[in-house]
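Report on the structure given below.
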Amino acid sequence: MSRSTIDTVRTDDRSGTSREVLGANALRPDGAAKVKGEFAFSSDMWAQNMLWGGTLRSPHPRARIVSIDVSAAWRIAGVETVVTADDVPGQLTYGLISEDQPVFARGEVRYMGEPIAAVAADHPETCRRALAAIAVEWEVLPALVDPETAIAGGFDPIHPDGNVIRHQRIIRGDTSATGAIVVEGTYELGMQDQAFLGTEAALAVPDHDGGGVEVYIATQWLHEDRKQMAKCLALPEDKVRLVLGGVGGAFGAREDISLQVHTALLALRTGRPVKMQYGREESFFGHVHRHPATIWMRHHATDSGEIVKIEARFVFDGGAYASTSSAVLINGVTHAQGPYRCDNAVVDGWAVRTNNPPCGAMRGFGVVQACFAHEGQMDKIAAAAGLDPVEVRLRNAMRTGDRLITGQVVESVAPVERCIRETAALPMPSPLPDRPDALLMPGGSGLTADRHHIRRGVGWGVSIKNIMYSEGFDDFSTARCVLADGVVTLKFATSEVGQGFVTLAPQIARSVLGVDDVVLDTIDTGVGSAGSTSASRQTWMSGGAVDGACRLVRERLFEHVGRAHGVDPLRLVIEDTDVVDSMGSLRVPVGEASAGLRIDETFEHHHRPTEELDENGQGNCHVAFAFVAHRAVVDVDPELGLVKVVQVATAQDVGRALNPLSVVGQIEGGIAQGLGLAVMEEIIVDNGRVRNPSFTDYLLPTALDAPEVIATLVEEHEPQAPLGAKGVGEPPCISVTPAIVAAIRDAIGRDLARVPVRPQDICF
Amino acid sequence: MPVLIPRSLDVAVEMASSHPDAHILAGGTDLMVEVNFNHRKPETVLALRHVDELRGWTIDAATRTVHIGSAVPFSEMEHGALSEALPALAEAARTVGSPQIRAAGTIGGNLGTCSPAGDSLPVLAAMEATVHLRSTSGERAMPFAEFMTGPKRNARRGDEIITGVSMPIADGWQGYAKVGVRNAMVISVASACLALQSTGPRLALGSVGPVIIRCHDAEALVADRPGAVDAALAAEFGRLAAAASSPIDDHRSTAAYRRHAVSVLAGRLLQRGTARP
């Protein structure tokens, strides 16, 4: 009984052809298989003579390991090996930015769920019994769970690297500036989980000589995994080969490695293929989460609502290990102003270490936290200035050429005003009827409310998001294109995590080379790095790499055709599926022109360099920016504190929609994820312990919770981007959360400063 | 691990008698979760799916009684004659999990697990249902209120099979409401069933105590007051319901919210049930 509808306007195909070129609503090559349950996810992998791996994890947030006795596990029939920190042949720790996380805990555990040992056995049940047989003697230590205590230095370091992962301030302009309007608030966000549906899984197959390993793995970045694995396994990188397994979602949670080293180590030790696969409960402990944060902000504005100065203090709880906390912090503080002009700022930010679960990358990456705070502030400015939420945002809307509080000039297309106006122009939902379908009211199937209990509210959120990696990092991407007999084969290491690069890459090749048949080679480490599938970067970066490789091939094809027909190659162009002389009458189908040829080109796309921030947070640290506006309409049952999000309208700055259907998929999915953070999704951590590691108690939105979505794509081609297109993955989930919370505030007439908003926050 | 699959009630009862420690599988929507979480490791499973005698239900017009076999799934209660005979049970059944869960989960499973959050249980409490059990030594029947003895505890002996539950056909308005933090597929944070039977109003609450709680004070308040209910009376009805509850704080909600929620639900159900169209 799916009553909830997701309606979207503007998915019209603009390619003007039935060919699946750029601009077309090309369908996913794996779509039908996924719908029919035939797609092989990494958890479906199997190998002859395969063993299963299992991981022993800490039951304590913080404890000293007095002793580990694995002898009883070894004695269980079917157990082939047991490994602990003592068996790690190479570097004992790993990490994306700082290598501070142990492969297996040695001496001390720092969070509940930290790996201590792993076993390989003939059956998952044998693994379970073996893990239960490992005797660990613990000395439980007091846990550091309060980020403010970590900042204040009131706790002995829980890690050799200390309790502060990073501190960064931003000082800009006149720090003594004041405004007629001063508003402040403290905003809190709970810990959200990426909750991908395909849990962590890998299959490691050792080389016959034991000198290397091939690993089939669901990940966001094959080459970075390989680098970290090779170090820990003490193998040269070329002896660790990674192949992308079927990925069931990522959202940032596959950026850090989890079971990669464990699986490979077990395979190398036993000389047999080993598969590891986390169940749902283990998955909650097996990957990093979105940082919980507390953000204080004080805005000074003129009496007409123009921002004069922002003061802010950010505290991100990084949990036990650094992961990407330092980059998340920078994203948070550098987006404190939101998509609004602001000349003066004093911002202070901390990412700290605690004995809570480690946090790292998740869709929106620090900007989700900043946006929830700055959008709450914008509504307070609006109220103080007597403006409506749209007007206050229009008055402050950033434009191309404005300077950020980091001093960086926004060179990206910045259609903030247009996003807001186009969102405002989208139709509002019809009012709740006198006799509504009970399933569509707050409380849904629980039949908790009658029509007269419900109040409707409207709220706004607008955001700015950096795309690509920042602070001097060269996150290039590589692609190889081979044209032979009219067929293009593309090779890249770009992780397909559901975002649709396997759809886009052939579209690019068809547009550039005029072919119809495009073969995608295996996604593995047999070609240069593609960088991570994150930061909304693959359409730009790997899209740029595929485009570049295809253009190189096209040049060579034109040279060949030019020679064969006595035409200057510079006059040749591709029209549909033909090579055409733009100044003459020659027209040769690409298939014919490339008959007997094999053109093979590889291209690396690099974005322009960025800089690190100085001690005052000044510097051109980001590559580019994307913008979006959201308007949420909610129905609230104020007495019970229950919410139904009725509609979300959005206009998103996409640069150019290369596959409108795919863009809309990102928009709808991102809105559902942002809705989850707004009203239900939270990992509840009590004194370092996770209380709800299951989908019974970690609640994700269902079809009945999902709103109607109305989307407009704002297309202003981005000159910096190789295809004119900005990444579209993260923006949909950022400002929708504050928009929904603002709508709830509007419905109940009360402030709400924390997400997810719980029933008791509304009714008490 | 042996799985016993009886094909008749007689055989099932014999198997229960010889395997009193067997875990009874009647849909599996609770048992399999516990197995998957490694919280339970059944040595023996007794699966009731093929016991046809447990899969039927009857509505006896003469005695005005509904009997529901323990292996009847929730999906069968959502629509049709059962839903007309017991509208509140239909409303409760529609809140159980997803369509797939409702097709698998059974009323006998709800009784066997006896969680205070069992969605159908407040209806059984309000309707003063009788639980039927059978063993090789014969049949037993007892009121639901005696059957449920604590959180996930009941009066079933290991050698007994829950054969079904019987209760009167609704002869007045009845309704069910459940609060969860999601609009579908959610475990109850608080629930209530109000049945305005000809013999008197009955109110039962779920998820706000170790067992399903009957609210006799609230019932007494409205027992002799036919007709529409004003806001003040509804609020007092709710206040008495909350007073009867004894909820706890856990990761799903707080005791204070649960107490508040049952008071609101009780008041709203009373107004819903007494509203004149």
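Chain order of the listed sequences is Y and H. Using the working numbering, read the first sequence as starting at 1226 and increasing by one per residue. Using the working numbering, read the second sequence as starting at 21 and increasing by one per residue. Glycine included, C-beta positions come from ideal geometry on N, C-alpha and C.
Check whether residue i and residue j have beta carbons under 8 Å apart
i          : j          : result
Met-162/H  : Ala-175/H  : yes
Trp-1363/Y : Ile-1290/Y : yes
Val-1740/Y : Gly-1768/Y : no
Ile-1457/Y : Val-1486/Y : Rather than Ile, the amino acid found at residue 1457/Y in this sequence is Cys. In contact: Cys-1457/Y and Val-1486/Y (Cβ atoms closer than 8 Å).
Ser-1688/Y : Gly-1563/Y : yes
Val-1873/Y : Val-1953/Y : no
Val-1786/Y : Glu-1826/Y : no
Within-8 Å CB hit, residue i to chain H
i          : result
Gln-1985/Y : yes
Met-1693/Y : no
Asn-1388/Y : no
Val-1982/Y : no
Lys-1172/Y : Here chain Y covers residues 1226 to 1989 and nothing more, so residue 1172/Y does not appear.
Glu-1800/Y : no
Ile-1909/Y : yes
Arg-1353/Y : yes
Met-1905/Y : yes
Thr-1927/Y : yes
The beta strand (DSSP E) enclosing residue i, as first and last residue numbers
i          : result
Asp-1793/Y : Element bounds for Asp-1793/Y: n/a, residue is neither H nor E.
Trp-1685/Y : 1680-1692
Trp-1299/Y : Premise fails: Trp-1299/Y lies in the alpha helix (DSSP H), 1296-1299, not in any beta strand (DSSP E).
Tyr-1441/Y : 1438-1442
Tyr-1923/Y : Neither: Tyr-1923/Y is in no beta strand (DSSP E) and is coded neither H nor E.
His-1847/Y : Counting along the chain, His-1847/Y falls outside any beta strand (DSSP E), and DSSP gives it neither H nor E.
Gly-220/H  : 220-226
Ser-211/H  : 210-217
Ala-67/H   : 65-67
Straight-line gap, residue i to residue j (C-alpha atoms, nearest Å)
i          : j          : result
Tyr-1565/Y : Pro-1640/Y : 12 Å
Leu-216/H  : Asp-1659/Y : 26 Å
Thr-78/H   : His-87/H   : 5 Å
Ala-1475/Y : Gly-1423/Y : 9 Å
Glu-159/H  : His-152/H  : 7 Å
Ala-1607/Y : Ala-1537/Y : 19 Å
Asn-1841/Y : Ser-1637/Y : 23 Å
Arg-1979/Y : Leu-74/H   : 49 Å
Asp-1418/Y : Leu-29/H   : 46 Å
Glu-111/H  : Leu-1281/Y : 44 Å
Gly-1477/Y : Arg-1588/Y : 6 Å
Any chain Y beta carbon closer than 8 Å to residue i
i         : result
Glu-96/H  : no
Gly-200/H : yes
Met-21/H  : no
Met-6/H   : As displayed, chain H neither begins before 21 nor continues past 297, which places residue 6/H out of reach and without an answer.
Ala-305/H : Nothing can be reported for residue 305/H: it is not among the residues displayed for chain H, which extend from 21 to 297.
Glu-111/H : yes
Ala-197/H : yes
His-43/H  : no
Gly-122/H : Contrary to the premise, residue 122/H reads as Arg rather than Gly in this sequence. By this cut-off, Arg-122/H is not an interface position.
Residue environment, residue i, which counts as buried when at least 16 other CB atoms sit within 10 Å
i          : result
Lys-1500/Y : buried
Arg-288/H  : buried
Asn-130/H  : buried
Ser-1700/Y : A quick correction: the sequence has Asp, not Ser, at residue 1700/Y. Asp-1700/Y should be labelled buried.
Asn-1274/Y : exposed
Asp-1971/Y : buried
Glu-180/H  : buried
Gly-128/H  : buried
Lys-1951/Y : buried
His-1348/Y : exposed
Lys-1869/Y : buried
Partner residues on chain A for residue i, Cβ-Cβ distance less than 7 Å
i         : result
His-280/H : As a matter of chain content, chain A is missing from the structure shown, whose protein chains are Y and H.
Limits of the unbroken alpha helix (DSSP H) element including residue i
i          : result
Pro-1349/Y : 1349-1358
Ser-1508/Y : 1505-1511
Arg-114/H  : 107-114
Distance cut-off 7 Å: residue i Cβ against heavy atoms of the ligand ZN
i         : result
Thr-169/H : The ligand ZN is not part of this structure, which contains no ligands at all.
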